[in-house]
Amino acid sequence: MILVTGATGQLGSAVIQQLLKHVPASQIAAFVRDQTKADHLLNQGVTLRVGSYDDTTSLEAAMPGMDTVLLIAGTDEENRVRQHQNVVDAARKAGVRRLAYTSRALSDPATLVNQLMNGHFQTEALIKASGLPYTLFQNSLYMDAIPQFLGGNAIFERGINVPAGQGRVALALRSEMGEAIANALATPAEGNRTYRLTGSTAYSFEDIAAALTSLTGKPVTYTPADPIQFKSQLIGRGLPAVMAQRIVGFITDIANGQEADVTTDLETLLGRKPTSLTDGLRLLYTL
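The numbers in the sequence shown follow full-length UniProt numbering, run straight up by one, and end at 287.
Quick look at the structure:
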């Protein structure tokens with residue numbers, strides 16, 4: 001049995017849909033907060049477990065009988081590590097045979113500007129300390145985030161203006177990350193494994209601008225922004241100062257090369273090359 005947490009989220013949904021191609025639905029369980037959002041999973045024969053990372057009773061009830069548990073990182077960044085500890089404790093108590101976790105592929109956790117990302121590496125340490133067999137999926141930035149990250153279709157009028165310098169990102173589609181994760185989970189565990197799931201190429205924001213220009217025939221430019229001015233612009237748009245600083249930190253990490261690592265792990269698990277930047281942007285912007 002494989003339990004997928006965060007099962008109605010975008011990554012969790014992608015994992016389950018791919019798992020259904022490999023194993024019977026009766027061998028898949030979904031841990032969800034809101035059962036009403038999981039009717040489609042029930043209709044596919046997937047078992048539901050209802051609860052949350054804060055509800056230790058629901059976690060302990062969900063774990064018995066599970067061979068593999070996929071912990072998809074929680075979205076509550078401030079409380080993430082504590083919540084993940086609850087999942088690890090419940091999995092250990094139930095004697096789960098493999099605990100998997102969706103972490104982040106960042107070059108040097110010790111020099112991160114966006115300190116909230118450290119929660120992923122603290123969780124990795126918790127999992128390793130638990131003594132449970134583990135599989136870690138360190139994921140690169142989703143290509144799917146680019147439209148929202150850059151301001152949607154407004155970039156076709158004003159261009160791309162973020163403080164990312166010449167930083168590069170090994171972008172990959174979320175759906176292909178989910179597919180790769182499912183492929184790994186459907187294979188019997190062979191010791192502890194860490195996969196770094198990245199695109200096959202690291203792209204700069206100049207590359208993104210050039211790809212969008214080519215796809216649309218409209219010139220899209222990239223102009224590196226000043227971090228202080230960029231933060232002021234974000235606050236001017238109504239974002240709280242704390243959130244604005246978090247976004248600046250995230251983009252500064254890109255400028256510093258934190259997202260540039262490239263591996264072949266995603267390609268290996270997919271059995272093909274990941275979707276290219278041009279094809280991915282064509283899909284995401286419906287061009």
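We put the beta carbon where it would ideally sit given N, CA and C, even for glycine. Source: prediction; values computed, not measured.
Mind reading off the beta-carbon distance from residue i to residue j? Whole number of angstroms is fine, and I expect it under 8 Å.
i, j, result
"Ala202", "Leu270", "Not a contact, Cβ separation roughly 18 Å."
"Glu176", "Leu266", "7 Å"
"Val15", "Leu59", "Going by Cβ atoms, the distance from Val15 to Leu59 rounds to 19 Å, so no, they are not a contact pair."
"Leu215", "Arg282", "6 Å"
"Ala94", "Met66", "7 Å"
"Asn183", "Gln18", "7 Å"
"Val46", "Ile28", "5 Å"
"Ala38", "Gly165", "The Cβ separation is near 42 Å, so there is no contact."
"Gly159", "Thr221", "4 Å"
"Leu126", "Val88", "5 Å"
"Gly257", "Ser107", "6 Å"
"residue 311", "Leu185", "The requested residue 311 is not part of the displayed model; the chain covers only 1 to 287."
On the DSSP bridge list, what partners appear for residue i?
i, result
"Arg193", "Thr135"
"Ala172", "Tyr142"
"Thr68", "Ile2 and Arg98"
"Arg104", "Asn139"
"Tyr222", "Ile160"
Measuring straight from C-alpha to C-alpha, what distance separates residue i and residue j?
i, j, result
"Arg49", "Ala62", "6 Å"
"Gly6", "Val248", "27 Å"
"Ile2", "Asp226", "46 Å"
"Thr8", "Asp54", "17 Å"
"Arg97", "Ala189", "9 Å"
"Gln115", "Pro224", "23 Å"
"Leu234", "Ile251", "13 Å"
"Gly280", "Ser200", "13 Å"
"Val147", "Thr57", "It is worth fixing the name first, because residue 147 is Pro in this sequence and not Val. Cα-Cα distance, rounded: 39 Å."
"Tyr142", "Gln229", "26 Å"
"Ser276", "Ala170", "10 Å"
"Leu212", "Gly131", "47 Å"
"Gln245", "Arg168", "21 Å"
"Gly191", "His22", "21 Å"
"Phe156", "Gly238", "23 Å"
"Phe31", "Asp253", "32 Å"
"Gly12", "Asn86", "19 Å"
"Met243", "Ala110", "22 Å"
"Ser232", "Glu78", "24 Å"
"Met117", "Thr75", "11 Å"
"Asp34", "Ser52", "9 Å"
"Gly236", "Ala129", "44 Å"
"Thr286", "Ala90", "42 Å"
"Pro219", "Arg82", "46 Å"
"Pro64", "Val4", "14 Å"
"Thr278", "Arg92", "43 Å"
Put residue i into one of helix, strand or coil per three-state DSSP.
i, result
"Ala94", "helix"
"Val23", "coil"
"residue 307", "The structure shown does not extend to residue 307, since the chain is modelled only from 1 through 287, so no value can be given for it."
"Arg49", "strand"
"Ala62", "helix"
"Ser200", "coil"
"Val32", "strand"
"Arg237", "coil"
"Pro147", "helix"
"Thr264", "coil"
"Lys128", "helix"
"Ser13", "helix"
"Gly280", "helix"
"Val242", "helix"
"Glu179", "helix"
"Pro274", "coil"
"Ala211", "helix"
"Leu81", "Reading the sequence as shown, one finds Val at residue 81 and not Leu. Looking at Val81 - three-state DSSP - the assignment turns out to be helix."
"Val113", "coil"
"Asn118", "helix"
"Thr57", "helix"
"residue 363", "The structure shown does not extend to residue 363, since the chain is modelled only from 1 to 287, so the question has no answer here."
"Thr75", "coil"
"Gly152", "helix"
- Message: I'd like to know if the region 113–129 and the region 144–157 are in contact, where contact means that at least 3 CB-CB pairs between them fall below 8 Å.
- Response: no
- Assess, as a yes-or-no matter, whether the region 133–143 is touched by the region 97–108 under the definition of 3 or more beta carbon pairs within less than 8 Å. yes
- How about the region 196–215 and the region 252–265: do they share at least three Cβ pairs that are nearer than 8 Å? yes
- Message: For the region 205–212 against the region 30–48, do three or more pairs of beta-carbon atoms, one drawn from each stretch, fall closer than 8 Å, so that the two count as touching?
- Response: no
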